[in-house]
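Taking it in order: structure first as C-alpha cells, then the write-up.
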Amino acid sequence: MDHTYEHFWLDPKFWVAVSFVVFFALVGRMAWARLSAMLDGRGARIRAELDEAARLRAEAEEMRRQADAERTAAHREAEDMLARARAEAERVAQAAAAEAEASAKRRERMALDRIAAAEASAVAEVRAAATEVAVTAAREVLAANIDAGADAELIDDAVADLPRALRAA
Numbered sequence: 001m002d003h004t005y006e007h008f009w010l011d012p013k014f015w016v017a018v019s020f021v022v023f024f025a026l027v028g029r030m031a032w033a034r035l036s037a038m039l040d041g042r043g044a045r046i047r048a049e050l051d052e053a054a055r056l057r058a059e060a061e062e063m064r065r066q067a068d069a070e071r072t073a074a075h076r077e078a079e080d081m082l083a084r085a086r087a088e089a090e091r092v093a094q095a096a097a098a099e100a101e102a103s104a105k106r107r108e109r110m111a112l113d114r115i116a117a118a119e120a121s122a123v124a125e126v127r128a129a130a131t132e133v134a135v136t137a138a139r140e141v142l143a144a145n146i147d148a149g150a151d152a153e154l155i156d157d158a159v160a161d162l163p164r165a166l167r168a169a
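Read in the numbering used here, the sequence shown has 119 at position 119, and its numbers run on one by one without any break.
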C-alpha cells in the first residue's frame, strides 16, 4: 500500500515529521533553558566557591605570615632570654668566685688569728713556766742563802722602797 499524495503537505508522514520537529524545538528550547539555567547556577556556585577559596587562601597566607612573624619574634625573644640567662649565669659565677675567694681569705685570716692566738698562748705558757721555774729557783736559792736576819733586812728595804714604787706605777 503505497500511497502517493499530490502535495507533500497532504502526506501524514510530513505532518508527523513537522510535529516531531516542532515538539523537539519546543521541548529542546525548554530543556535548553533549564539546562542553561542549571549550568549557569552551577557556574555561579563554582565561581562562589572559587571566590571563597581565594578568600580562604588569602586568609591562610595572612595567617601564615602572622605565624612566621610570631615565630620569628618568639625565636628572637628566646635568643634574648638565652643571652640574658648566659649573662646572669656569668654574673652568678663571678659572684660565686668572688664569694669563694672572700671566704677563703676569711678562713685564712681566721687560721692566722688562731695561729697567732696559739703562739701567744704558747708564749704565755712558756713565760709562766719560766717564771715559775725562776720563782722556784729563787726560793731555793734564797732559802739556802738567806737566814732570818737577812730576811728581816730585805723586808725593811722593801717597805722603805714602797712609796717610790707606788709613785712609779
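Positions of the beta carbon are idealized from the N, C-alpha and C atoms, including for glycine.
Closer than 6 Å: is that where the CB of A158 sits relative to any heavy atom of the ligand NAD? This structure does not include the ligand NAD; it has no bound ligands of any sort.
Is it the case that the Cβ atoms of F14 and F8 are separated by a distance below 7 Å? Yes, the pair counts as a contact, with Cβ atoms nearer than the cut-off.
Determine the direct distance from the alpha carbon of K105 to that of R64, and round the result to whole angstroms. Cα to Cα, R64 sits roughly 60 Å from K105.
Determine the DSSP secondary structure at H75, reduced to helix, strand or coil. For H75, the secondary structure class from DSSP, reduced to helix, strand or coil, is helix.
Would you report the Cα separation of A93 and A74, rounded to the nearest angstrom? Approximately 28 Å between the Cα atoms of the pair.
In whole angstroms, what is the alpha-carbon distance linking R114 and L154? Cα to Cα, the separation comes out at about 44 Å.
Other residues of its chain near T131: CB distance less than 7 Å, five sequence neighbours each side excluded: Answer for T131: no residue qualifies.
Starting from L166, trace the alpha helix (DSSP H) both ways and give me its first and last residue. Run containing L166: A148 to A168, per the alpha helix (DSSP H) assignment.
Simplified DSSP assignment, three categories, for E170: Limits of the chain in this structure are 1 at one end and 169 at the other, which puts residue 170 out of reach.
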